[in-house]
Amino acid sequence: MISKVDITRKLQHERRVVRDMITLYCRNNHGTTQLCDECRELAEYADERTRKCPFMEQKSFCSQCKIHCYKPQMREKIRQVMRYAGPRMIFHHPIAAIRHLYYTQLEKLNSNK
């Protein structure tokens, strides 16, 4: 079982990575230095969903979750952000990108057992 401290750290990390991805997407697609209203709304929504996640102990990322807690419209927006920002994260936040790849592969290995 994961300790409360580890879950808190994991939660903070996941929230930060999603915020960084939305910021990267907004800056490059909406030409703003601050989050535009639409992206700010998405960031707040994603943050709320992450904080309320009942599966934080068992999963690594939302993409590995067995339920979809996002509203369909917000899910489509976050998918657009992930498709755009995901490949670019290696250039802007390399440690976070490598960590994400590591945990994604680890999750795949564990699910095959």
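Just so you know, we're using this note's numbering here: the sequence shown kicks off at 791 and counts up by one. Ideal placement from N, C-alpha and C gives every residue a C-beta, glycine not left out. Just so you know, these numbers come straight off a predicted model, no measurement behind them.
Item: Contacts around F845, its chain only, beta-carbon distance under 7 Å, and the 5 residues preceding and following it disregarded; Value: C855
Item: Option in Q895, I868, S901 with minimal Cα separation from E834; Value: I868
Item: C-alpha gap between R831 and R809, whole angstroms; Value: Here residue 831 turns out to be Glu, not Arg, going by the sequence shown. One C-alpha to the other measures close to 11 Å.
Item: Inter-stretch contact at 8 Å, needing at least 3 Cβ pairs: the region 861-875 / the region 884-893; Value: no
Item: Cutoff 7 Å; reference C816; Cβ partners in own chain excluding five residues on either side; Value: T822, L825, C826, C829
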